[in-house]
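The structure appears below as structure tokens.
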Amino acid sequence: MADKDTSLASRYAPTSVEPRVYERWLASGAFTPAEEPTPGAVRFVITMPPPNVTGSLHTGHALFVTAEDILIRYHRMRGDDTLWVPGVDHASIAAQFVLDKLLAVEGLDRASLGREAYLDRMWAFMDETRDRISLQLRRLGASADWSRNRFTMDEGSARAVRVAFKRLSDAGYVYRGEALGNWCPRCRTTISDLENIHRDEVGTLWTIRYHLVGGDGAPDPEHWISVATTRPETLLGDMAVAVHPEDERYRDLVGREAVLPFLGRRLPIIADTAVDPTFGTGAVKITPAHDPDDYETGKRHGLTPITILDEEARINEAGGEFAGLDRFDARQRIVERLTALGDLEGEVAHPMVVGHCERCGTVIEPRLSVQWFIRTADLAARALASVREGRTRIMPPRFEKVYAHWMENIRDWAVGRQLWWGHRIPAWFCPDGHFTISDEADGPSACETCGRTATELTQETDIFDTWFSSGLWPFSTLGWPDDTPDLRRFYPTSVMETGYDILFFWVARMMMLGLFLTDAEPFRTVFLHGLVRAEGGVKMSKTKGNVTDPVELIDEIGADAVRLALTSGTSAGNDQRLTMAKLDGARNFANKLWNAARFVLGSEPIGDSAEEQSGPAGASMPERWIRSRLAAITADTTQRLDRLDLGGYAAAATEFAWNDFCDWYLELAKIEMRDPGASSAARSRSWQTAVDVLADTLRLLHPVMPFVTEEIWSAIAPARQGAGAAEPDLLMTSPWPTAGPRDAAAEAEFTSLAEVIRTTRTLRTEAGIPAGAIVELHIAAASTTARAALEDGVRYLEPMARARTELLPADAPIPDGRGAATALGAVWLGDASEVAPTAAAGTDREAELRVQRDRVRALLADAAFLERAPAAVVDRERVRLADLEERLRQIGTGDGSG
RNA sequence: GGGCGGUUAGCUCAGCUGGUCAGAGCGUCUCCUUUACACGGAGAAGGUCGGGGGUUCGAGCCCCUCACCGCCCACCA
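Counting from 471, one number per residue, gives the positions in the first sequence under my numbering.
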């Protein structure tokens, strides 16, 4: 065949290979499942975390795409009924954050635009960016079904959201109530506890005097109660002062009143066991509208919460003279004023935990509002049981505990957001204060409580938490709530793969919603990967400037290399560092594979015709060996993929390709193919074995390195044995190899011969023999079988070790200190090699063997070991001892003790 | 305040249910531009598997404890 016509004739250039290959995949239509599954085919469906539509691709995406694509490609090759639905998430709060920043550049903001115009801008923005992520995912090689591409803001999702909420409501899981939520003054919305990021900070603990009400009703200048607070501005909302009921210091004050500074409000002094008498002064100001603890305390004591902050965390009209001030300015002003009044008793630095908005970093303010809640107790119990009882398993299993802990302590889910970009909550209010939840896009025809007509109803302006629609993803993407063919065929899904950082956000929600709405676990396995960290182990972030853009990396070294780097040396659930060294290594491997294929293609023995190939049928030792190794590695990689051990799979497959196939087999095959003494049939067969093993190696590597393998596959197609019309022309859809039989004899023969080759090479190096020189090599065969093996092996040994060999009987005298032991016999370099003998070589080896032998001998002399260890283990050690003794005997130096 | 993970060659990390498990890649040292590949080949050096106890015939692998590093959860002013 004319290799010059193949694409492999040139240097490996991923940037030219990859687009072409992806086009071929797309053209084949194989990303989309066939109309009907093959009878008996196993279903394999991936649930993919839809990336935020506003984000650009980062290494986290690269990792999940790689992991999921490996799995889907593997299962596709296995012949499973595979489906991978791609899509993007509308990410309401994140999207608004991004758009707001863009608007700010134009001098615009949300408020001035108004909801309608703002949403128009958002959709325009989405049109610009929506496809970008998809395109980037394709650069990574994602073999997802783009015909089913989805968006969490598309009509299907919208309907799923309405129906889901209605069903939850009908089942009594939805309620509306006043609660103290986490309010972000910058995003101007409530956020969930999960989005409220707690950070350790050092604040200040101020001690403030609240004067008691005097006899005349005015503040008593001589008597006061001191309270400690870290947020003095909240005093404007104080409704009481609380002490512990058993606190002797304050017993007499309980029931009396204190006067709130500035506002003059009378605050009852109450007793509550929630107060820790050892903290601060033992007296606490109670601000029910701005502190979760105080809110509870207030409820117990019938206090009325007064909100003193507006939506942007400025003091509102309830704050008297401080109205209009930002909360932190107000804090400072109040401290100053108290100081002036002489009522600031002290201030100390105080370590504390402060909540920040996950998105924008702003300090979260507890804020009282009426919110929509989903009751989670039942949903969580069921979701927990699914995992506990193994219907859904989490990999790695340690995350089951994390999941369980969260589910056990779950609080009701506040699903409303005061944002605009997202699914509007499908609740309609009537003027009488009732609300009606409807799953119709246009809303209900009338208030279900009082019958007022639709025209009098107004829809809730709050939207859903992004994770509500994400939580429906596994089934909403398959057509739910309709009973579609897709839903019947592909649901529940097989593997949901994502980072452990969104276990609660997403996985937990999908479990709860999926079980309730579809009465099934949405996936069988939750496969969690770790985070990708930058060099030095730090988290990648744009602000740190240490983000590696995967698309840039792909441009530079190819998607295959990026994928391999992200896969190798990793284990499920553990973070990894993506270093340049690792990326370079992966690139080098891709290059190696390419060149190996180039070599194979270009080395077809010429001058042969098919008719001549009727020589001896027996395959050579290297051929039998490499096929046996291939069988072993096929079984191994298959098992690892089945166990989701992607790192192990990649390591095993690349190790085989590089070490066994390239470094050993191809070198041995060169000898066979260029052996003028060999029959042309034998030469052809060596080459054909190289082609066949390469073909299967490509199959094994394809899931992790789809592009190069596909390209090479097409180049070697004409050379593949049995390649014909019946064979699929795409590697992607060719069958996953099945492990052939092992050939223990060939493996043993190879191992022995390789040892002789390695030993000879070592002796050469140690003797300082020039690499090109042919050495004289003496081998004292250990036995007649060893001799036979060596006689056969000499044709490989000589070129591989650059030696001319002389086979000697076992009892041949070995020059002092010159021999090195191998399983086949002692080897040493002849004098003719003009070696300056470095005596140490042989004796070091001997000493090493003797240490090993003594260790095993001692073990076998241990009565306890013989008694308690399993027979198989004892036998193994006996064999080992015999082997070691045999080797030492070959060296023939004896040791006086044996 | 709870919980989890990590601590294995200079670096980055694999080591499944305890018995060739002391490994890989990179880096280092030596040699080699031999017609697939120098993004390569050959060889070598390098670790008492964080410390200390314990279980076991036998422990990176199990138990206890301590020390760092990191993460998650958590309403104490």
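Note that beta-carbon positions come from the ideal geometry of N, C-alpha and C, so glycine has one too.
- Going by beta carbons, residue 854 and residue 997 fall outside the 7 Å limit.
- In this structure the segment 1205-1221 lies against the segment 1099-1106, because at least three pairs of beta carbons, one per stretch, are closer than 8 Å.
- In this chain, the beta strand (DSSP E) harbouring residue 963 covers 963-969.
- Here the segment 531-543 lies against the segment 609-616, with 3 or more beta-carbon pairs under 8 Å apart.
- By a beta-carbon distance limit of 8 Å, residue 662 does not contact residue 911. Their separation comes to about 27 Å.
- CA-to-CA, the gap between residue 506 and residue 1175 works out to about 29 Å.
- Only exposed fits residue 749, as fewer than 16 other CB atoms lie within 10 angstroms of its CB.
- By the Cβ neighbour-count rule, residue 1092 is buried, with 16 or more other Cβ atoms within 10 Å of its own.
- Separation of the CB atoms of residue 532 and residue 1032 is rounded to 6 Å, and the pair is thereby assigned contact status at 8 Å.
- Annotation for residue 1141: 1265, 1266, 1269, 1270 place their beta carbon closer than 8 Å to its own, counting only its chain and skipping 5 residues before and after.
- With the rule of 3 Cβ pairs closer than 8 Å, the segment 1053-1073 counts as touching the segment 1168-1186.
- Restricted to the segment 716-742, the beta strand (DSSP E) segments that are unbroken, complete and at least 3 residues in length are 727-729, 736-741, listed in chain order.
- For residue 1051, the uninterrupted alpha helix (DSSP H) segment begins and ends at 1050-1072.
- Per DSSP, the beta bridge partners of residue 668 are 825.
- Residue nearest to residue 517 within the set 823, 1201, 992 is 992 (criterion: CA-CA distance).
- Taking C-beta atoms under 8 Å as the contact rule, residue 521 and residue 558 qualify, at a distance of about 6 Å.
- The segment 949-966 makes contact with the segment 625-644; the number of CB pairs closer than 8 Å reaches 3 or more.
- The residue among 495, 942, 1004 with its C-alpha nearest the C-alpha of residue 977 is 942.
- In this structure, residue 515 places its C-beta atom within 7 Å of the C-beta atom of residue 960.
- DSSP links residue 755 through a beta bridge to 711.
- Just so you know, the alpha carbons of residue 651 and residue 751 end up roughly 28 Å apart.
- CA-to-CA, the gap between residue 859 and residue 1112 works out to about 21 Å.
- When DSSP states are grouped into helix, strand and coil, residue 1047 belongs to the strand group.
- Per the DSSP secondary-structure output, residue 652 pairs in a beta bridge with 661, 836.
- Residue 534 sits in a helix when the DSSP states are folded into three classes.
- In this structure residue 606 is buried. Its beta-carbon is surrounded by 16 or more other beta-carbon atoms within 10 angstroms.
- Distance from the CA atom of residue 732 to the CA atom of residue 790, rounded to whole angstroms, is 8 Å.
- The C-beta distance from residue 1275 to residue 1239 rounds to 15 Å, too long to fall under 8 Å, and the pair is not in contact.
- Counting only residues of its own chain and dropping the five nearest sequence neighbours on each side, residue 487 has a CB closer than 8 Å to the CB of 477, 1028, 1177, 1178, 1181.
- Looking at the DSSP output, residue 873 bridges to nothing.
- The segment 796-810 and the segment 686-705 touch, with no fewer than 3 CB-CB distances between them shorter than 8 Å.
- For the pair residue 938 and residue 882, the CB atoms are not nearer than the 7 Å cut-off.
- Residue pairing by DSSP puts residue 817 in a beta bridge opposite 676.
- Between residue 1260 and residue 1299, the gap from beta carbon to beta carbon reaches 7 Å or more.
- Here residue 908 has 896, 914 as same chain residues with Cβ atoms under 6 Å from its own Cβ, once five neighbours each way along the sequence are excluded.
- The segment 735-743 makes no contact with the segment 813-820; the number of CB pairs closer than 8 Å stays below 3.
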